[in-house]
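The structure appears below as structure tokens.
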Amino acid sequence: MRIPMVNLRIPLARTQDAWRHNLNQMDQRSQYLLGSQVVEFERELALAFRAKHAVGVSNGTTAIELCLRDAGITNQVVTTALTAPFTGVAIQAAGATPVFADVDPDTLLIDFENAANRVNRRIGAVVPVHLYGRPCDMAKWRPVVRSHGLVIVQDACQAHGALSAGKPFTAFSPYVAYSFYPTKNLGCLGDGGAIVTSRSRIASRLACLRDGGRKNGEQVSRMRGGINARLDEIHACYLRAFLPHLNTWNEERAKLAALYDALLEGVPAVRRLQSVPGSVNHLYVVRVKRRNRLRKYLAQLGIGSAVHYPVPLHLHPAFSDCKQKRGDLPVAEKAAKEIVSLPLWPGMTDSQVQEVAEKVRQFFRS
Ligand SMILES: Cc1ncc(COP(=O)(O)O)c(C=O)c1O
């Protein structure tokens, strides 16, 4: 691909002194799990995200799962139909059943009214997803949470550094789950994740749960539901090198997204998403007519693209337990047929964005 969807070489090259230094330190200590790289990374991440604690885990899916396990949620959980299937997989792994809500047609984030209307006595938790790096309006959830005693687990797997109404996500609930899948705004070179919280007791329970229910290698007798979900030291070496650059990289993404917005304005077949304050532009997504043909055309020209996500989760065979059928969530169903993610990464040049936008315009002109 001449212009791929993402290019991870640039962040790696920009930070190589730092990650090589961390890798050397790790090798000198010969401790490859729960050593000083993970401990330091957890401290640095909590500081960067204005929270008290961060607990490194093996991926974003287990981050969500462990939050639900810690909160004892085994009944039903409301989440958005437009998200990575892993959001639903995590809910199931915790022993609960997902119930899907529709999305807002302008932002593609969970539709608050639609979701709140699904809350009843069987619902134990809500998992709002800060999709594409765009934060949900978390303040709206406060009264619903209070009146129904709900737990909120925020899926921030695509939203490293994003804020809701100017506040860090931990201001709205004690469970915020992140993924460090390689292509994320903060990614490692494999699978990784973290839970960020400002509640000390929750952080110490989660630290046990991710290590099979152990504390400092000793089984904690009252701890049930532990799994092996540790973050590897080697990933922490890279994450520690990348973290100090996250804000700069997010600013680069914001500029590139604004350039796409300006270049695609006025193309009748392209519908841009409504901008959401506090977004970190994980993905640049637009809604288009003839989406699959456009993708083929771009691919022939050496331009990458992707669809996040082609099947709304209520229509996914893996989630048939939800008993929701085609037509139940019309906004998500329509959006899933139209959305396309265009290339975006820190280090991408303005002329690359111009080329992609020009080819999109060209496709619709023809
Ligand atoms: C919205 C969302 N939720 C959950 C996940 C799961 O994260 P991971 O792949 O690290 O398990 C991802 C990542 O793909 C995601 O994008």
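For reference, each letter of the sequence shown is one residue, going 1438 to 1803 in this note's numbering.
Even glycine gets a Cβ: it sits at the ideal position worked out from N, Cα and C.
Item                                                                                                                                                                                : Value
Can you pull the DSSP bridge partners for G1630?                                                                                                                                    : V1494, S1616
Count the other C-beta atoms from every protein chain shown that fall within 10 angstroms of the C-beta of V1476, then say buried if there are 16 or more, exposed otherwise.       : exposed
Compare the C-beta of R1708 against all C-beta atoms of chain B and say whether one is closer than 7 Å.                                                                             : This model lacks chain B altogether, as it is built from one protein chain only.
Using the three-state DSSP reduction, which class does L1779 fall into: helix, strand or coil?                                                                                      : strand
Could you tell me how far apart the beta carbons of I1560 and N1512 are, in whole angstroms, since I believe they sit closer than 8 Å?                                              : 7 Å
Hey, quick one: how far does the alpha helix (DSSP H) through F1549 stretch, first residue to last?                                                                                 : 1549-1553
Shorter than 6 Å, the distance from the beta carbon of Q1595 to the closest heavy atom of ligand 1, or not?                                                                         : yes
In the DSSP assignment, find the unbroken beta strand (DSSP E) run with G1561 in it and report its ends.                                                                            : 1560-1564
So what's S1601 in DSSP terms, helix, strand or just coil?                                                                                                                          : strand
Could you check which residue in Y1569, V1633, R1487, V1744 has the C-alpha nearest to that of I1501?                                                                               : V1633
Whose C-alpha, out of K1621, H1719, D1539, is nearest the C-alpha of Q1761?                                                                                                         : D1539
So, helix, strand or coil for Y1746, using DSSP?                                                                                                                                    : coil
Assuming V1790 and L1646 make a contact with CB atoms under 8 Å, what is their CB distance in whole Å?                                                                              : Contact flag wrong, Cβ pair sits at about 43 Å.
Give the C-beta separation of L1680 and E1481 to the nearest angstrom, bearing in mind that I take them to be a contact with Cβ-Cβ under 8 Å.                                       : 6 Å
Any idea what DSSP makes of V1707, helix, strand or coil?                                                                                                                           : strand
Might you give, ordered along the chain, the residues of its own chain that have their beta carbon closer than 8 Å to the beta carbon of E1702, omitting 5 neighbours on each side? : R1709
Please classify D1592: does DSSP put it in a helix, a strand, or coil?                                                                                                              : strand
Exposed or buried, what is Q1474 when buried is set at 16 or more other beta-carbons lying within 10 Å of its beta-carbon?                                                          : buried
Checking the sheet assignment: what are the DSSP bridge partners for T1534?                                                                                                         : Q1513
Starting from Y1469, trace the alpha helix (DSSP H) both ways and give me its first and last residue.                                                                               : Run containing Y1469: none; DSSP gives neither H nor E here.
Between which two residues does the alpha helix (DSSP H) holding R1487 run?                                                                                                         : Run containing R1487: none; DSSP gives neither H nor E here.
Excluding the 5 residues preceding and the 5 following H1597 in the sequence, name in chain order all residues of the same chain whose CB lies nearer than 7 Å to its CB.           : Y1615, K1621, N1622, L1623, L1683, V1717
Return the chain-ordered list of same chain residues with a C-beta closer than 8 Å to the C-beta of A1562, the five sequence neighbours on each side being excluded.                : L1505, A1508, I1510, V1514, V1515, A1533, L1587, V1588, I1589, V1590
What does a CB cutoff of less than 6 Å around C1625 pick up in its chain, not counting 5 residues either side in sequence?                                                          : F1617, H1672, Y1675, L1676
Tell me the residue span of the alpha helix (DSSP H) that contains R1579.                                                                                                           : 1578-1585
For R1651, write down the residues that DSSP places opposite it in a beta bridge.                                                                                                   : Q1656
Provide the residue span of the beta strand (DSSP E) that contains V1723, from first to last.                                                                                       : 1721-1725
Just to confirm, are P1754 and A1773 a CB contact at a threshold of 7 Å?                                                                                                            : no
Buried or exposed: where does L1470 fall if 16 or more other Cβ atoms within 10 Å of its Cβ makes it buried?                                                                        : exposed
Pull up the CB-CB distance for S1495 and R1636, whole angstroms please, since I reckon it's below 8 Å.                                                                              : Contact flag wrong, Cβ pair sits at about 22 Å.
For A1491, tell me which candidate among D1592, G1715, S1712, V1613 has the shortest Cα-Cα distance.                                                                                : V1613
Verify the contact flag: G1630, CB atom, against every heavy atom of ligand 1, threshold strictly below 6 Å.                                                                        : yes
Please report how far the alpha carbon of Q1465 lies from the alpha carbon of G1472, in whole angstroms.                                                                            : 12 Å
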